[in-house]
Amino acid sequence: AALRTHKGCHYFSHSTDQGENWGEPVPAPELPAPQAPARMVRTSEGRILLAYSHATPELIEQFGVGSHKPRNRLVLVESRDEGATWSEPVVIDSQDDTDIQIGYPSLVQTGDELLVLYHFEPGYVTVGTKGPGEMRLARFELF
């Protein structure tokens, strides 16, 4: 499971008994992120795909570790070894403006394609503010 944290990166916990018990959460500093949710899916081939709000360590430092910002870059990474290592990020959506929120992804595999549905909101300032948001869809070929 990918765990949202306020520590500048996602943490992961593993279960070997279908979710009855979970291991101690372990940080993944190679996946720097603001405090924002990620979504994970296992493909029919057994690979793990993770969509998350990626932020450089410099931006995390600028906004403060534990901040909900920036969420202006949504990426997809892949693991072929149960999350021990991750591929380089593939950009799903990225905007220069750090007041834009891109996030809350959902992942679905349909045959040889991955569908990523996510929220896009310009003018995002802080948690609890409402702006004119929209849902966007991205498609990726799985091979």
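Converting from the sequence shown to the numbering used here requires adding 43 to each position, the first position being numbered 1.
Ideal Cβ positions, reconstructed from N, Cα and C, are used throughout, including at glycine.
A quick note: this is a predicted structure, and the numbers were derived from the prediction, not measured.
When DSSP states are grouped into helix, strand and coil, Ile103 belongs to the helix group. In this structure, DSSP gives Phe186 a state outside helix and strand, which the three-state scheme calls coil.
Linking Leu92 to Leu157 through their CA atoms gives a straight-line distance of about 9 Å. Nearest to Pro175 by C-alpha distance, out of Phe183, Arg182 and Gly166, is Gly166.
Under the DSSP assignment, Gln152 falls in the beta strand (DSSP E) whose first and last residues are Gln144 to Thr153. A check of alpha carbon separations from Gln152 across Leu185, Val120 and Thr141 identifies Leu185 as the nearest.
Counting along the chain, Asp136 sits inside the beta strand (DSSP E) bounded by residues Val133 to Ser137.
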